[in-house]
Amino acid sequence: MSVIGIVAEYNPLHLGHLHHLKYARKATNAQGLICVLSGNFVQRGEPALISKWARTQMALISGADLVIELPSAFSCASAEYFSAGAVSILDSLGIVDYLCFGSENGNIEDLEWVAEIFAYESEDFKQNLKERLNDGLSYAIARQKALEKILLNYKGKPCDNFCDEAKVKNIINAISKPNNILGIEYIKALKRLKSQIKPITIKRIGQDYNSLERASSYSSATAIRQHIQETFTSSCEIDSFLQNNISQECLKVMFDEFVSGRGPVFAEAFENILLYIFRSKSLNEIRSLPYMEEGLENRLKQASLESVSIDEFVKKVVTKRYPTSRIKRILFSALTGITGEFLEELKNNGYAQYIRVLGFNETGRTLLSKMKKKARLPIITKPASYDEIDNKLAVKLFEHEARTTDAYVLGYPFLKERAGGMEFKTSPVYYKATDEGHR
-8 MSVIGIVAEY
2 NPLHLGHLHH
12 LKYARKATNA
22 QGLICVLSGN
32 FVQRGEPALI
42 SKWARTQMAL
52 ISGADLVIEL
62 PSAFSCASAE
72 YFSAGAVSIL
82 DSLGIVDYLC
92 FGSENGNIED
102 LEWVAEIFAY
112 ESEDFKQNLK
122 ERLNDGLSYA
132 IARQKALEKI
142 LLNYKGKPCD
152 NFCDEAKVKN
162 IINAISKPNN
172 ILGIEYIKAL
182 KRLKSQIKPI
192 TIKRIGQDYN
202 SLERASSYSS
212 ATAIRQHIQE
222 TFTSSCEIDS
232 FLQNNISQEC
242 LKVMFDEFVS
252 GRGPVFAEAF
262 ENILLYIFRS
272 KSLNEIRSLP
282 YMEEGLENRL
292 KQASLESVSI
302 DEFVKKVVTK
312 RYPTSRIKRI
322 LFSALTGITG
332 EFLEELKNNG
342 YAQYIRVLGF
352 NETGRTLLSK
362 MKKKARLPII
372 TKPASYDEID
382 NKLAVKLFEH
392 EARTTDAYVL
402 GYPFLKERAG
412 GMEFKTSPVY
422 YKATDEGHR
């Protein structure tokens, strides 16, 4: 039984994602499709629009057979942690043959080549990276600059000889794109694990990842979220823009959540909590958060005292060295109670610590049976029994996930939906397909 894996946020699941799901299955003739899905906070440092269980339902409706959670410790993290966490889960399942991801480049060979350089950093590369960071550049830009210098003297594929400036420029431009960056990180993680999973890529269609253009179809998730934030009212009306960009089945799931008062959830719902957290924390406590550097704690503390909104807070801290996404990840790390030390502990112990099942269909049930024989990590289908796992770090990670969900539900519009303990009360989603329309 051939099995393909996908890593996704589905925030929300739109037509571009649907295209990806169909392509992944068709390109590999896979009989099983496993999705590793972000928890309730996502990679750009924000809460998801709707809960992970609602997004699981979207994934199953749209063609996934089994949905596994990417814990928030990794899902609301840098590209490296996000990708390494997801790949470590897929590899631990013991049944996955392929990993399919979208990219702006659409050329797996170029991405594999850059991933090789990043996976096995030479001393020259490390020194160049250090110099660029000392110049005050962000990590992403510093890494691009370091790679550019290395490439001009690099001998091998895809150059066959030393790269010329035009070739280098094309490569650097390609790796500055968000989906390409994640793709490179997926491949890097596979290489470091010496995984047998084969990466394949599909060229992204429609608008760019960060595009705010509201196109007639294939708009970005960013544009869709902004549209919902600007136009959503308590009447929960579905307009033509959403109908043209999200399948009818997924729209129903999303708006059922909205009508029930469990969304849409935006970062602004947490601004008072976040301002209080940073105003009340000591500098040492702020310093213990992930993605910190010396002196950044002072900027965060001062900004929290001077700001009256989360938008103002972030803008006061952002610099060339500290991009918006990094600052927002720090903020929501404080909300969920994760520390840099804990992230480092997870990294040093192989990232993933358990396999959390969020949902499945009948094919997914078969995949689960295979996983129980081959998986290298404990499988959690009954959250209430998590403490029976014989791994203290896994227990600690799951308890963090439970706290994360307790924080997330505080962003729900309806007060009655904000009760805690949902992590232990919610069973995996079972989807019984009525047709094979999305296969």
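Sequential numbering of the sequence shown, starting at -8, is according to this note's numbering. Glycine included, C-beta positions come from ideal geometry on N, C-alpha and C. Note that the structure is a prediction, hence the values are computed from the model and not measured.
Checklist line | Exposure label - Leu143; buried when at least 16 CB within 10 Å | finding: One-based indexing of the sequence shown puts residue 143 at position 152. Per the 10 Å Cβ criterion, exposed.
Margin query: Here's the rule: buried if 16 or more other CB atoms are within 10 angstroms of the residue's CB, otherwise exposed. What is Ala133?
Written below: For the purposes of this step, residue 133 is taken as the residue at position 142 of the sequence shown. Buried: at least 16 other Cβ atoms inside 10 Å.
Margin query: Could you compute how far the alpha carbon of Tyr177 sits from the alpha carbon of Val250?
Written below: Counting from 1 along the sequence shown, the entry for residue 177 is found at position 186. Counting from 1 along the sequence shown, the entry for residue 250 is found at position 259. In a straight line, the C-alpha of Tyr177 is about 37 Å away from that of Val250.
Item checked: Stretch-stretch touch, CB-based, cutoff 8 Å, three pairs: the segment 51 to 60 with the segment 312 to 325 -> no
Next item on the list: Identify whether Cys227 lies in helix, strand or coil by the three-state DSSP scheme.
Entry: Along the sequence shown, one-based indexing puts residue 227 at 236. If DSSP states are grouped into helix, strand and coil, Cys227 belongs with coil.
Margin query: For Ile141 and Glu156, what's the separation of their Cα atoms in angstroms?
Written below: Taking the first residue of the sequence shown as 1, we reach residue 141 at position 150. Taking the first residue of the sequence shown as 1, we reach residue 156 at position 165. Going by the C-alpha atoms only, they are around 12 Å apart.
Checklist line | Straight-line gap, Ala70 to Ile172 (C-alpha atoms, nearest Å) | finding: Indexing the sequence shown from 1 puts residue 70 at position 79. Indexing the sequence shown from 1 puts residue 172 at position 181. Cα to Cα, the separation comes out at about 7 Å.
Checklist line | Separation of Tyr342 from Lys179, as counted between CA atoms | finding: On the sequence shown, position 188 is the one that residue 179 refers to. On the sequence shown, position 351 is the one that residue 342 refers to. The straight-line gap from Cα to Cα measures roughly 14 Å.
Check: Does the distance from the C-beta atom of Lys189 to that of Tyr111 stay below 9 Å?
Finding: In the sequence shown, counting from the first residue as 1, residue 189 sits at position 198. In the sequence shown, counting from the first residue as 1, residue 111 sits at position 120. It is not a contact, given that the beta carbons lie outside the stated cut-off.
Next item on the list: Please work out which residues of its chain come closer than 7 Å, Cβ to Cβ, to Gly402, disregarding the five sequence neighbours upstream and downstream, and give them in chain order.
Entry: Translated into positions along the sequence shown, residue 402 becomes position 411. Around Gly402: Pro38, Val256, Ala260, Phe261.
Check: Skipping 5 residues on each side, what residues in its chain have a beta carbon closer than 8 Å to that of Ile346?
Finding: Here residue 346 is taken as the residue at index 355 of the sequence shown, counted from 1. Cβ neighbours of Ile346 beyond the five flanking positions: Ile59, Ile80, Ser83, Leu84, Met362, Ala366, Leu368, Pro369, Ile370, Ile371.
Item checked: Opening and closing residue of the alpha helix (DSSP H) in which Gly7 lies -> On the sequence shown, position 16 is the one that residue 7 refers to. Its alpha helix (DSSP H) spans residues 6 to 19.
Margin query: Checking 9 Å against the spacing of the C-beta atoms, do Leu40 and Ile(-3) come in under that value?
Written below: Counting from one through the sequence shown, the residue named residue 40 turns up at place 49. Counting from one through the sequence shown, the residue named residue -3 turns up at place 6. The answer is no: Cβ separation not under 9 Å.
Note to self: On the criterion of 16 or more Cβ atoms from any shown chain inside 10 Å, does Asn152 qualify as buried, or is it exposed?
What the structure shows: On the sequence shown, residue 152 is found 161 positions in, with the first residue counted as 1. Any reading at Asn152 is ruled out, since the residue's pLDDT is 47, under 50, leaving its predicted position unreliable.
Notebook entry, point to check: For the alpha helix (DSSP H) that contains Glu71, what are its first and last residues?
Noted result: Indexing the sequence shown from 1 puts residue 71 at position 80. Here the alpha helix (DSSP H) through Glu71 covers 70 to 84.
Margin query: Could you check whether Leu384 and Glu336 sit closer than 9 Å to each other, using their CB atoms as the reference points?
Written below: Taking the sequence shown and counting its residues from 1, the one referred to as residue 336 is at position 345. Taking the sequence shown and counting its residues from 1, the one referred to as residue 384 is at position 393. Yes. Within cutoff.
Next item on the list: Please list, in chain order, all residues of the same chain as Val308 whose beta carbon is under 8 Å from its beta carbon, the five residues on each side excluded.
Entry: Numbered from its first residue, the sequence shown carries residue 308 at position 317. Contacts found: Leu287, Arg290, Leu291, Ala294, Ile318.
Next item on the list: Within the same chain, show all residues whose beta-carbon is closer than 8 Å to that of Leu388, passing over the 5 residues directly before and after it, in chain order.
Entry: The sequence position of residue 388 within the sequence shown is 397, counting from 1. Pro62, Ala64, Leu337, Gln344, Tyr345, listed in sequence order.
Item checked: Rounded separation between Thr213 and Pro169 - CA only -> Position 222 of the sequence shown holds residue 213. Position 178 of the sequence shown holds residue 169. Those two C-alpha atoms are separated by around 13 Å.
Checklist line | Close-in-space but distant-in-sequence residues of the same chain around Ile(-5) (CB under 8 Å, 5 per side omitted) | finding: Counting from one through the sequence shown, the residue named residue -5 turns up at place 4. Hits under 8 Å: Ala15, Arg16, Thr19, Ala21, Gly23, Leu24, Ile25, Val87, Asp88, Tyr89, Leu90, Cys91.
Note to self: According to DSSP, simplified to helix, strand and coil, what is Ser480?
What the structure shows: Outside the shown range of the chain (-8 to 430) lies residue 480, about which nothing can therefore be said.
Notebook entry, point to check: Sorted by chain position, which residues of the same chain lie with C-beta nearer than 6 Å to Arg312's C-beta, five sequence neighbours on each side aside?
Noted result: As a working mapping, residue 312 is identified with position 321 in the sequence shown. Same-chain partners within the cutoff: Gly127, Ser129.
Item checked: Cβ neighbours of Phe73 in the same chain (closer than 6 Å, five flanking residues each side left out) -> Stepping through the sequence shown from its first residue, residue 73 is reached at position 82. Hits under 6 Å: Gln34, Phe65.
Checklist line | Beta-bridge partners of Phe32, as assigned by DSSP | finding: By one-based count along the sequence shown, residue 32 stands at place 41. DSSP lists Pro38 as partners of Phe32.
Next item on the list: Decide if Gly254 is buried, meaning its Cβ has at least 16 other Cβ atoms within 10 Å, or exposed.
Entry: Residue 254 sits at position 263 when you count from the first residue of the sequence shown. Classification for Gly254: buried.
Next item on the list: Starting from Cys91, follow the beta strand (DSSP E) in both directions and report where the run begins and ends.
Entry: Numbered from its first residue, the sequence shown carries residue 91 at position 100. 89 to 94 is the span of the beta strand (DSSP E), which, as asked, contains Cys91.
Checklist line | Three-state class that DSSP yields for Pro190 in the structure shown | finding: Locating residue 190 in the sequence shown gives position 199, counting from the first residue. If DSSP states are grouped into helix, strand and coil, Pro190 belongs with the strands.
Check: So what does DSSP say about Val305, is it helix, strand or coil?
Finding: Counting from 1 along the sequence shown, the entry for residue 305 is found at position 314. Note: Val305 maps to helix in three-state DSSP.
Note to self: Comparing C-alpha positions only, which one of Pro404, Ile219, Leu138, Ala424 sits nearest to Lys160?
What the structure shows: To locate residue 160, count along the sequence shown from 1; it is residue 169. Of the listed residues, the one whose Cα sits closest to Lys160 is Leu138.
Margin query: Within 10 Å of its beta-carbon, does Gly7 have 16 or more other beta-carbons around it, so buried, or fewer, so exposed?
Written below: Within the sequence shown, numbered from 1, the residue matching residue 7 stands at position 16. Classification of Gly7: buried, given that the 10 Å Cβ count is 16 or more.
Item checked: Coarse secondary structure for Tyr421, derived from DSSP in three states -> For the purposes of this step, residue 421 is taken as residue 430 along the sequence shown, with counting starting at 1. DSSP places Tyr421 in the strand class (E or B) of the three-state scheme.
Next item on the list: Identify whether Leu138 lies in helix, strand or coil by the three-state DSSP scheme.
Entry: Taking the first residue of the sequence shown as position 1, residue 138 is located at position 147. Here DSSP, grouped into helix, strand and coil, assigns Leu138 to helix.
Check: Is Arg270 buried or exposed, if buried means 16 or more other CB atoms sit within 10 Å of its CB?
Finding: Within the sequence shown, the letter at position 279 stands for residue 270. Classification for Arg270: exposed.
Checklist line | Ranges of the alpha helix (DSSP H) found wholly within the segment 228 to 305, counting only runs of at least 4 | finding: 231 to 236, 239 to 250, 262 to 271, 274 to 278, 287 to 297
Next item on the list: Report the residue ranges of all alpha helix (DSSP H) runs contained in full by the segment 43 to 68; include only those spanning at least 4 residues, in chain order.
Entry: 43 to 52, 63 to 66
Note to self: Buried or exposed, going by whether 16 or more other CB atoms sit within 10 Å of the CB of Tyr1?
What the structure shows: Counting from 1 along the sequence shown, the entry for residue 1 is found at position 10. Buried: at least 16 other Cβ atoms inside 10 Å.
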